[in-house]
Structures are given as C-alpha cells and as structure tokens.
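Novice:
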Amino acid sequence: MRREPVMLAGWIMLGFLPAAAQQLTPDFRGATFTMQGGEAVYRNVCQGCHMADAKGASGAGNYPALAGNAKLASAGYVLTMVMNGHRGMPPFRGHFTNAQVADVVNYVRTHFGNKYRDQVKEADVQALR
Amino acid sequence: MTDVSPSRRSLLSMIGVVAGSAAMYHAMTELGYAEGSTFAGPIKLSPPPAGTTVVILGAGVAGMVAAMELRDAGYQVRILEYNGRPGGRNWTLYGGDSYTELGGATQHVQFDPGQYINPGPWRLPYHHRGILHYAKRLNVALEPFTQVNYNAYVHSTEAYGGKPQRYRQVQTDFHGHVAELLAKCTRQNALDQAVSKEDREVLMLALRDWGALDQNYEYKKSFESSMRRGFASDPGGGIKSVPVPSEPSALSDVLQSRLWSAIASGHNYEMQSAIFQPKGGMGMIGKAMGKDLGPLIEYNCKVTDIRQDEGGVTVTYVDSRGGKEARKATAKWCICTIPTPILAQIPMNVGAKMKAAIDQLPYLAALKVGLQFKRRFWEEDEDIYGGHTYTNLPNATIGYPMWDYFSKGKGVLLGAYTFGRAAYIAASKPPEERIKDALAYGSQIHPQYMSEFENGVAVAWHRVPWTMGCQGAWTDESREAHYNNLCALDGRIVLANEHASRLPGWQEGSVTSAMDAIGRLHTRVMNP
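Chains as they are written, first to last, in this note's numbering: chain A, 1453 to 1581; chain B, 334 to 861.
Below you can see the structure in the form of structure tokens.
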C-alpha cells in the first residue's frame, strides 16, 4: 500500500501526469526539469539553496558554499551529493537525467572560482543508479 | 484494516481500469484505508520527581504542546526558539510584517488590514483531534475552511482549449460516464463473476443514483444530469423560468482532459468536510501557545551544540540575530524539534542510528504566494466563494479567501501552492519574480489578475532560514530504514515534530509526535 502520496496530498493536490510518469519520487508532480546544460540546471535549481554566487547562506543552519569549497576537489563527492543527498540536501536522482547530473557537477567544479579539470561522464552517473 | 472480499476487489480494479485512478481512489477511501489521528485526548502524566528539568528546542507546535503538558505535570521546562516569535511553521503573514529569506531578500508585506496568507499549514481537518484540542483549550476561534468548491475551476492547458472548467461539471461528467459504462457492463453480464445477481440489481440502482443517469441508465443532457452539473439556463420564478439543461462533455473528452485527477482531492480523508481554520490566520494558534507559555520561551536562540552525558543535557546557543557569545542551557532531558536539515548540521552526541536517520531526512521544496487584489473578482464576477482551483500550470493551486465573503473591499488569494520541481525553480528566483510568475499563470484562469493586482508575498520554503524546507521528505523506503531510529529515545534526547510522525506536513503530526515523545520520556523518568 502506498500511503505516503496520500499523506503528501496535505500539501500536494494533484498531478496531471500519466501514471507511468508518477513512478518518480512522490513529491514531483506537474513541472519537469527540462533545462539543458550545467549552467541552466544550476540557475533553475541549485541556486535556490546554494545561491546565485554559489556562496551559500546561513540561518539556523547553513547551505554550504560551492565557491572555494575544498570538498569539490572530489568529483565523486559532488556527484554522490547530487544523486543521493545528505544532511538537508535532497536527493536529485529522481529529478535529473544522467546528462543533467553530469553537466551540473562539471559546471560547479569549473565555475565560481573552481578549476577542476577532471570531468564526470554520464556513465559515472549511470553507475550510481 | 478492512478486509476486502474478492468480488469487491475485482470491482474496484475494474473501476480502476475503466475509469482511472480518481474513481478507484474514491472507492478506496470509502473503504477506510486512511488512518486517523492517534490523539486520544489530553495526555495524563503523573507528577515527576521534584526539580526534573526539560529543555525543549523549538517553539513550534510540537515543542509548545510538549512544553504545556510537561509544565502542567510538574516538570521545569524551558524552550529555546530561533525566531523572535512562537509558532514556527504555524505562521501567518500580515500587512506590516517583514520577512527576510536566506540569500538576504526582504519582503515587506503590503496587505491591507484583515488580509493575510499562511505560508505554512492552513487546514485543520475535523479528525485532527490533537491540534483542535489545543485550539479549543486556548480559545482560538475557528471557522470553516472550504476544501471543495463545486463552482471553482479545474484547469489544464492541454484540455478544452485551455479554458477553465467548473469542478461540478467535470465531476458530474466523470461520474456519469463511469456509471453508464459500469451499468452497461452489468447489463451485458460482464460482472457476473464479481457481483452476485442480488447485488447486481442494487448496483444498477446505485449507479443510476451515483452517476445521475436517466431511466435508461444513460448519462446525457437531462434534468437529472443538470441537477448535478448545472443548467445552461437555471430554473427561476415567473414566466421565463423553464430550466434549460446543459450539455455534458463526451466520455473521451473527459478522460483525455485528465481533469479527473483534480476532482479526487476532496475525497481524501484529510480533505473531507469539516475542515477548519483559525479566524485571522493559522498563526493565531502559535501565538496563543506562546502566550500560554510566556517566559518559558527564550527567543532568538540559535542552537550550536547539543551534548548529553550521564547527568543531563547541555545545549549551547548564541543570539540568532548575530550574537557571538555562547550561552548554555542545561536540563536533565531534551526534546528536540529542530528541523532535520538544520539538526543534521548541529554537533550532537546521539547514537549512530539516530544520526543516520537525521542525516538522511531533507525537507521538501514548497512555494506559497499570496496576492492582494483591489476587489474580490472571483466572488463578484465568477461566484467563487472559498475553495480551490487546480491547474496543471506551475502555480498548481489557487486558494480563495475563506473569510469576509461578500465584503466590498480587497482580497488576498493564495496564488500558488506547489511542491517538487516547480517549487525548486521558484526558490531559484527572487521573490518578485515568483510573484510575477504566479500572476502570469493565474491570469490564464482569471483574466482580471493583471488589472486588479496590488501586491504580493512569496515564500519558497527552502529559503526559510529556520527550516530549510517545508516538511520531512520521507519515502516508503527511508521510513522503513530510519523512522523508528529517528523517533527512539536516545539517552536523554528525544525528537518530536511532524518529521517524527506519519502525518508529514500536518500539525497533527507535530502534536501526536510530541505526545508520543513526552509519554516515552515520562516513562523513562519514572522508571530510571
């Protein structure tokens, strides 16, 4: 029995998507992430928390900066965070195509002052699925 | 749980196949699959040993009901709260309020007196007995909340040329066509395996009744169907009083429109009448709780460390408005309601299982936009009094104000209420662009938007500094793996909040989570 979507209806009312499209995680109805390329993904999704300048933000907790963040040296770390989430970061494996994930990982690792040369490939993303 | 007999189950699955999920869902909720609140009246705690102290982190609904009950039982309680007000997500924005989100954008709410928007929860279903108990206890005035408005719209850009359809028409047409189909199946003996002869006769009667079918079991333009979907010309008094029936949509149009997916919402257990809202905004409950607790709440506290040992719990905190000086609160026990995206970042010595449960629980993205208009055109022009319009546009929901009906002044609409991807995209934009988007989408349903708009406010929940999201984002899998570990008493620390409930996003989840947590805590206190 799938109870969670029923409960989520407290916040989410409906989806117009065909049943097959709703096999994604239950909170995603209606809009789709159609944007292509790392910059577009960043500007439409990631900067909601990590901010337009990738410097993060701080309130009761923190959204970590991606600018000047030594953890970005590891492509695998960034890739895993995007796919699986951790500590407040939601998992995005159900939202993005392999190309979108690879593109945005490569984007943040080559912008905002980051200059890492090694690239994540779509196959690397697929390996985590 | 109700046992479903094979024939009934077959019938259900046939309804599902023939008619789509809405009718199936309707039938399933009729069978009582959903569960109600576990709130069984006010908790009764025996007096604890004198001087038993509890520090509660967060003055939201969970923290405050825990504090009220523990205080009443004789515990020495104090609450540390990040904000300068009680309530947490029990929150209403009025004209004159300012709200600064993460990233620094500050919105100065311009609503007129009497107007408001609830960025967080806004419904109190009748069976959420816990939160209703506290509203009653604290004399918070409640009024009806209208979930389903038969004259509001369901709208899809992909159906009926993008023209909004009245809920009553879509529902009547959907039910009518499905009833006619099932009546045909029954007559052609297609259901003989599933339904007994005696039941078939009753089923035929029921289908005619449910679907507004005519004497031939057909759903078509008729007085019967118009009594549900409305007339082309209404009956009236005097000479020109003859009602003119309206023309139903064809079955294929109804199915292909997918608008049926929008009519099931009101069938949901949590959406069924009666639903209530506090007069003047949901925040009235939080305010009343805060007033009741008075000096037990210390505001503007940003927790930076939570440490337990054999003697008690020490919470370190600073002034959330920018203070550096670390202060400490100590107590024998700790109830922590801090949202998990924040709690995951606070050093806290709990066991690996609870830590893993906290770390894996982000909060969902959500967006609410409040829009003030010069006049209540939805009432004046379209006969819509409260309730909701649903659309496949990214604003998803338009909620009409459910107070001050027929007033001649201004009104505030809930202009967008959305989750998931649309909410992520909205959070990535500045508040003024979220409002602009809500206007652009909503004006496809209400063309009056652009000429009547005055001002608005947009809350994207991932930008809310004190939650970093709107509610715990559980999945079936993560619940299986982590839920019990999240809720378990860990030494002297126990968590409570909607995220530690099976009613995610509902204040009832916070109340029942808090009752469960203090009940277990009390047992531990009394049985050391």
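A virtual CB, placed ideally from N, CA and C, is assigned to each residue, including glycine. Predicted model only: the values in this text are computed from it and were never measured.
Within the 8 Å Cβ cut-off, does valine 1534 of chain A reach chain B?
Specialist: no
Novice: Starting from tryptophan 839 of chain B, trace the beta strand (DSSP E) both ways and give me its first and last residue.
Specialist: It is not in any beta strand (DSSP E) - tryptophan 839 of chain B carries neither H nor E in the DSSP assignment.
Novice: What span of residues does the alpha helix (DSSP H) with phenylalanine 710 of chain B cover, start to end?
Specialist: 710-713 is the span of the alpha helix (DSSP H), which, as asked, contains phenylalanine 710 of chain B.
Novice: Should the stretch 572-589 of chain B be called in touch with the stretch 419-428 of chain B, which here means at least 3 C-beta pairs below 8 Å?
Specialist: no
Novice: How many whole angstroms separate the CB atoms of glutamate 402 of chain B and leucine 378 of chain B, which I take to be in contact at a CB cut-off of 8 Å?
Specialist: 7 Å
Novice: Taking 6 Å as the limit between beta carbons, can you name the residues of its chain near phenylalanine 1544 of chain A, skipping five residues before and five after?
Specialist: Val1534
Novice: Measuring alpha carbon to alpha carbon, tell me which residue in B:Gly407, B:Val394, B:Ala399 and B:Ala395 is nearest glycine 384 of chain B.
Specialist: B:Gly407
Novice: Let me know the secondary structure DSSP gives phenylalanine 1544 of chain A once reduced to three states.
Specialist: coil
Novice: Distance check for glutamate 491 of chain B and glutamine 498 of chain B, CA to CA, integer angstroms please.
Specialist: 12 Å
Novice: Does any C-beta atom of chain A lie closer than 8 Å to the C-beta of histidine 466 of chain B?
Specialist: no
Novice: Could you tell me whether the stretch 827-836 of chain B touches the stretch 385-396 of chain B, using the rule of 3 or more Cβ pairs below 8 Å?
Specialist: yes
Novice: Quick one: which chain B residues come within Cβ less than 7 Å of glycine 1537 of chain A?
Specialist: What glycine 1537 of chain A touches in chain B: Pro695.
Novice: What residue does the alpha helix (DSSP H) around serine 558 of chain B start on, and which one ends it?
Specialist: Segment 556-562, the alpha helix (DSSP H) holding serine 558 of chain B.
Novice: Can you say whether histidine 441 of chain B is buried or exposed, counting buried as having 16 or more other CB atoms within 10 angstroms of its CB?
Specialist: Taking all protein chains in view, the Cβ of histidine 441 of chain B is surrounded by fewer than 16 other Cβ atoms within 10 Å, so the residue is classified as exposed.
Novice: Where glutamine 1571 of chain A and glutamine 1578 of chain A are concerned, what is the direct C-alpha to C-alpha distance, given to the nearest angstrom?
Specialist: 14 Å
Novice: So, proline 764 of chain B versus alanine 729 of chain B, is the Cβ gap smaller than 8 Å?
Specialist: no
Novice: Could you confirm whether any beta carbon from chain A is found closer than 8 Å to the beta carbon of tyrosine 483 of chain B?
Specialist: Interface with chain A (8 Å Cβ-Cβ cutoff): tyrosine 483 of chain B is excluded.
Novice: For aspartate 542 of chain B, does the count of other Cβ atoms within 10 angstroms reach 16, so buried, or fall short, so exposed?
Specialist: Sixteen is the threshold: since fewer than 16 other Cβ atoms of the shown chains lie within 10 Å of the Cβ of aspartate 542 of chain B, the residue is exposed.
Novice: If isoleucine 668 of chain B and alanine 850 of chain B are in contact, beta carbons under 8 Å, what's the gap, nearest whole angstrom?
Specialist: 6 Å
Novice: With a threshold of 8 Å between beta-carbons, can lysine 657 of chain B be considered close to chain A, or not?
Specialist: no
Novice: Can you tell me where the beta strand (DSSP E) with histidine 593 of chain B in it begins and where it stops?
Specialist: Note on identity: in this sequence residue 593 of chain B is tryptophan, with histidine being the wrong assignment. It is not in any beta strand (DSSP E) - tryptophan 593 of chain B instead sits in the alpha helix (DSSP H) that spans 593-596.
Novice: The beta strand (DSSP E) with tryptophan 666 of chain B in it runs from where to where?
Specialist: 666-669
Novice: Could you check whether the stretch 701-717 of chain B touches the stretch 737-747 of chain B, counting it as contact only if at least three pairs of C-beta atoms, one from each stretch, sit closer than 8 Å?
Specialist: yes
Novice: Listed in chain order, which residues of the stretch 1486-1513 of chain A have Cβ atoms closer than 7 Å to some Cβ of chain B?
Specialist: Arg1495, Asn1496, Val1497, Gln1499, Gly1500, Cys1501, Met1503, Ala1509, Gly1511, Ala1512 and Gly1513
Novice: Touching or not, the stretch 772-791 of chain B and the stretch 649-662 of chain B, by the rule of three or more beta carbon pairs under 8 Å?
Specialist: no
Novice: List the residues of chain A whose Cβ lies closer than 8 Å to the Cβ of serine 761 of chain B, in chain order.
Specialist: Here the neighbours are Arg1495, Asn1496, Val1497, Cys1498, Gln1499 and Gly1500.
Novice: I want to verify the contact list: residues of chain B whose CB lies under 8 Å from the CB of glycine 1540 of chain A, in sequence order.
Specialist: The answer, in chain order, is Thr673, Pro674, Ile675, Ala677, Gln678, Pro695, Tyr696, Met801 and Gly802.
Novice: Assuming tyrosine 1529 of chain A is part of the alpha helix (DSSP H), what are its boundary residues?
Specialist: Unbroken alpha helix (DSSP H) run through tyrosine 1529 of chain A: 1527-1536.
Novice: Should proline 695 of chain B be labelled buried (16 or more other beta-carbon atoms within 10 Å of its own) or exposed?
Specialist: buried
Novice: Which parts of the stretch 398-466 of chain B are runs of the beta strand (DSSP E), unbroken and 3 residues or longer, counting only runs that do not cross its ends?
Specialist: 409-413, 431-433 and 439-441
Novice: Could you check the C-alpha separation between glutamine 1475 of chain A and glycine 1546 of chain A for me, to the nearest Å?
Specialist: Low confidence applies here, because glutamine 1475 of chain A scores a pLDDT of 32, under 50, leaving its location unreliable and the question unanswered by this model.
Novice: What's the gap between the Cα of glycine 365 of chain B and the Cα of lysine 620 of chain B?
Specialist: Bear in mind that a pLDDT of 39 at glycine 365 of chain B, under 50, signals an unreliable position, so the number given afterwards is only what the model happens to contain. Cα-Cα distance, rounded: 35 Å.
Novice: Quick one: residues in its chain with C-beta nearer than 6 Å to the C-beta of methionine 848 of chain B, no 5 flanking neighbours on either side, listed in chain order?
Specialist: For methionine 848 of chain B, where only same-chain residues beyond five positions count, the Cβ hits under 6 Å are Ile376.
Novice: Would you say tyrosine 1529 of chain A lies against chain B (beta-carbon separation less than 8 Å)?
Specialist: No - not a single Cβ of chain B is within 8 Å of the one on tyrosine 1529 of chain A.
Novice: For glutamate 813 of chain B, count the other beta carbons within 10 Å of its own beta carbon; 16 or more makes it buried, fewer makes it exposed. Which is it?
Specialist: If you draw a 10 Å sphere on the C-beta of glutamate 813 of chain B, you find fewer than 16 other C-beta atoms in it, and that means exposed.
Novice: Between which residues of its own chain and glutamine 409 of chain B is the CB-CB distance below 6 Å, once the five residues before and five after are set aside?
Specialist: Counting only Cβ-Cβ distances below 6 Å, and skipping sequence neighbours, we find Thr386.
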